[in-house]
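One structure is given here, and the rest of the page talks about it.
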Amino acid sequence: MTSQTQPETHPADGKIIPVVLAGGSGTRLWPLSRNSLPKQFLPLASEKTLYQDTLLRSAPDDVFGPPVVVANEEFRFFAQRQARAIGIDATVMLEPARRDSAPALLAAARYVADTYGPETLVLALASDHVVQDKAAFREAVQLGAKIARLGRIVTFGISPTEPRTSYGYIRLGTELDPLGAYEVDSFVEKPDRATAELYVQAGYLWNSGNFLFPAGLLLEEAEGYEPAISAAVNSAVANAKVDLVGFLRLDSAAFKSSPAKSIDFAVMERTRLAAVVRGSFGWSDVGAWDALHEIGSHDPNGNVTVGSVQLLDTANSYVRSDGPLVTTIGIDGLSVIATYDAVLVMPSNRSQDVKHLVNLLKTHNPREVDEHLTVHRPWGTLESVCEGERFQVKKIVVEPGGVLSLQKHYHRSEHWIVVHGTAEVTLEDRTFIVHENESTYLPIGTVHRLKNPGKIPLELIEVQTGSYLGDDDITRFEDIYQRA
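Residue numbers (UniProt numbering): 1 to 484.
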């Protein structure tokens, strides 16, 4: 890292450093998971998001040290805000571009090795998985740590509940520990149904895609198998810079020069040091809607319901509403998912085909593929309420301390009506306060800014009028989130 950001190297005191990979998109869970708000940042399996649940099961304590999160640029404020909301202070490492899991994980391993020492253990976790038995998870991690300290790169294998074709499998080799640790004989790609049945009968494990290893060991293996990735990652970390508070921005040119490859193909399927710990902790990768039906709380008819739902003569179905009331009559084995702007209905056994539907939608460029009606920004959210010719109405929520950029528009004027909280408004050379039930008018072409100086969320209604109301009619002059 550059001299002004070089961390002080100090031991981790034997603690494991969690590395959470939070850059996925999760298109199989559309219409809830979308490009601008992927599944890891959604509350799908509990009241907290999948990402928050991942952080909490490896929260700093006597076993785990402070986490490192690897996230894309567009998700950095989700990653930071959701971590802080549960009381966890994470270093958020920003990927300049998506290069699959190998460069992301190796960058985090390099950072850990430089910060705590190469012998420090790293627990690499996907941010969008579900673990139902946290105590069993910790037991598996502690066994994995014992094996990793012997000079192994450990993966966690899950005892299959059925012959799934959507998972990769692990063939067990020599036993390393009677509690359930083995050498990896081989990794096997996703099989067809008949082959999966044979794998289950032979005692193969599902490959969870979560790993535990000494940071320096993974880096050494990567340097031998993938020198181009290794060189790019080392340079990206060496020249990383602190961005705002809590973000570590990898050097863009160096990181983008890395080949794109998964950690499985880059290292795990080639190393002779791979080991596997058997895990029985209620794991799911939540890869599709049928997985949420499987892990959910079933009623006597085998249904799982979430949100505003009413069923009649319905069985073995997953029905979820994150918006309007959803009702069903006489259905069996269906998944019904509704948001305010999209509805998905399908046989539950077609859940894996949602990705094909999303690809079809992309060809028609619908907004619903990428964004919800509520759009998240670094400072809060905005929601389209209604629109027509030459006008648009939005609800804006600014979190405490949030500040919109200093900006102007060439084609629209705006009215702001405060309905909750207090607004600090900058309009040309004036700054003034607008309280609840008060409003202000922003003429076309005036330079303005909105800030929430209070301790509670600021909610206001914005009425736009003009000849062009596109989001790209904005010129930013200053922005604390560095978008100007």
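Beta carbons are placed, not taken as given, at the ideal position from N, Cα and C, and that holds for glycine.
Whole-angstrom C-beta distance between residue j and residue i, which should lie under 8 angstroms
| i | j | result |
| --- | --- | --- |
| P214 | T120 | 7 angstroms |
| S58 | P18 | 4 angstroms |
| A266 | R152 | So it is not a contact: roughly 17 angstroms between Cβ atoms. |
| V154 | I147 | 5 angstroms |
| E414 | Q464 | 5 angstroms |
| S258 | I229 | 5 angstroms |
| S36 | V375 | 7 angstroms |
CA-to-CA distance, residue j to residue i, given in whole angstroms
| i | j | result |
| --- | --- | --- |
| P7 | L248 | Unreliable positioning characterises P7 in this predicted model, as indicated by a pLDDT of 48, which lies under 50. The coordinate reading is nonetheless provided below. Each residue's Cα considered, the two are about 11 angstroms apart. |
| G144 | L217 | 15 angstroms |
| K48 | D429 | 43 angstroms |
| residue 486 | A107 | There is no way to answer for residue 486, as the model of the chain reaches only from 1 to 484. |
| T174 | G246 | 43 angstroms |
| G401 | A83 | 17 angstroms |
| L334 | M346 | 6 angstroms |
| G371 | P31 | A small fix is needed here, since residue 371 is Glu in this sequence, not Gly. Looking at the two C-alpha atoms, the distance is approximately 10 angstroms. |
| N234 | S127 | 24 angstroms |
| F391 | H129 | 42 angstroms |
| D89 | P66 | 7 angstroms |
| T446 | F432 | 15 angstroms |
| A97 | L460 | 35 angstroms |
| L179 | E139 | 10 angstroms |
| P443 | E399 | 25 angstroms |
| D62 | K15 | 7 angstroms |
| R278 | N207 | 10 angstroms |
| T54 | D133 | 12 angstroms |
| E95 | D243 | 12 angstroms |
6 angstroms Cβ shell around residue i - same chain, five flanking residues per side excluded
| i | result |
| --- | --- |
| residue 520 | One cannot answer for residue 520 here, as it falls past the ends of the chain, which runs 1 to 484. |
| L406 | R449, F477, E478 |
| L373 | Y340, D341, E383, S384 |
| A79 | A22, V69, A71, V92 |
| V434 | V418, A423, V425, T440 |
| K261 | D100, A102 |
| Q4 | Note that Q4 scores 42 on pLDDT, short of 50, meaning its location in the model is unreliable and no value can be drawn from it. |
| L105 | A124, I263 |
| P118 | A215, G216 |
| Q52 | Q82, I86 |
Same chain only: Cβ atoms within 7 angstroms of residue i, ignoring 5 sequence neighbours per side
| i | result |
| --- | --- |
| Y481 | P378 |
| L176 | I147, Y182, E183, A275 |
| R270 | Y225 |
| G307 | R320, S321, D322 |
| D473 | H409, Y410, H411, R412 |
| P38 | G24, S25, G26 |
| F137 | R57, V131, F281 |
| G287 | R28, S166 |
Beta-carbon proximity list for residue i, same chain, < 8 angstroms, skipping 5 on both sides
| i | result |
| --- | --- |
| E436 | V418, V419, H420, G421, T422 |
| N303 | L311, T314, A315, N316, S317, Y318, V319 |
- Would you be able to state if there are at least three C-beta pairs under 8 angstroms between the segment 178 to 190 and the segment 236 to 245? For the pair of segments examined, the segment 236 to 245 was found not to touch the segment 178 to 190: the number of CB pairs separated by less than 8 angstroms stays below three.
- Task: Return the chain-ordered ranges of every beta strand (DSSP E) run that is complete within the UniProt domain "MannoseP isomerase/GMP-like beta-helix" (311 to 360) and spans a minimum of 3 residues.
- Result: Qualifying beta strand (DSSP E) stretches, in chain order: 318 to 321, 326 to 329, 334 to 338, 343 to 347.
- Item | Any alpha helix (DSSP H) of 4 or more consecutive residues that is wholly inside the segment 149 to 176 | Taking only runs of at least 4 residues, no alpha helix (DSSP H) segment lies wholly in the segment 149 to 176.
- Query: Does the count of Cβ pairs from the segment 341 to 361 and the segment 416 to 423 closer than 8 angstroms reach three?
  - Reply: No: the two stretches stay apart, fewer than three of their Cβ pairs being nearer than 8 angstroms.
- Could you tell me whether the segment 296 to 313 touches the segment 324 to 341, using the rule of 3 or more Cβ pairs below 8 angstroms? Cβ pair count under 8 angstroms is three or more, so yes.
- Which runs of the beta strand (DSSP E) spanning at least 3 residues fall entirely within the segment 213 to 267, listed in chain order? You should have 241 to 243, 247 to 249.
- Which residue spans inside the segment 80 to 138 form an unbroken beta strand (DSSP E) run of at least 3? Runs of the beta strand (DSSP E) inside the segment 80 to 138: 91 to 95, 121 to 126.
- Scan the segment 30 to 62 and note each continuous alpha helix (DSSP H) run of 4 residues or more that stays entirely inside, going in chain order. Taking only runs of at least 4 residues, the alpha helix (DSSP H) segments lying wholly in the segment 30 to 62 are 50 to 57.
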